[in-house]
Amino acid sequence: MSEAQRLTVYYDGGCPLCRREIGFYRRQPGADGVDWVNLVEADSRSLGDDLDFDAAMARFHVRRPGGRLASGALGFALLWQQLPRFRVLGRVAALPGVVHVLELGYRVVLRVRSLWRKPDAPCRVPR
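Numbering (my numbering), first residue to last: -6 to 120.
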């Protein structure tokens, strides 16, 4: 599968919660079809022209096959759709009413995420 046909996941490798969650997803069947970008180790070229480091660190982002970005709850729904064990959950989560409710919950997690991050590398949480 070419890079343009793969989902790319951008994650905060300095956040223990994020690392643990992404580690879980990376061990799932189908994860080898996803490109995983640890933002702590990434350079600007790996983000593309339409995603800057601060925006990527502030929210979970995925790049869809074809290049379009999605973030937050929709990003998780797209990731889940790539993993066979989570595919049904991903389809349900992407439904318009469902994704909006999940997004509200995700925004709560963003607010407390900085409490879990390493003190020497603070989370960049949107204000």
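Glycine residues also receive a C-beta, built at the ideal position from the N, C-alpha and C atoms.
Since this is a predicted model, take the numbers as computed values, not measurements.
For residue i, does the three-state DSSP call read helix, strand or coil?
i	result
residue 70	helix
residue 52	coil
residue 27	strand
residue 62	strand
residue 115	Its pLDDT being 44, under 50, residue 115 is placed unreliably in this model, and the coordinates cannot settle the point.
residue 101	helix
residue 94	helix
residue 2	strand
residue 77	helix
Is it buried or exposed, residue i, if we count other Cβ atoms within 10 angstroms and call 16 or more buried?
i	result
residue 36	exposed
residue 32	buried
residue 56	buried
residue 30	buried
residue 75	buried
residue 40	buried
residue 53	buried
To which residues of the same chain is residue i closer than 7 Å at the C-beta, ignoring the five residues directly before and after it?
i	result
residue 92	66, 67, 70, 86
Relative to the C-alpha of residue i, which residue among the options is closest?
i	options	result
residue 26	77, 82, 99	77
residue 38	99, 97, 3, -2	3
residue 61	23, 104, 21, 43	43
residue 7	50, 64, 19	50
Can you give me the Cβ contacts of residue i inside the same chain, cut-off strictly under 6 Å, excluding the 5 residues immediately before and after it?
i	result
residue 79	73
residue 28	-1, 1
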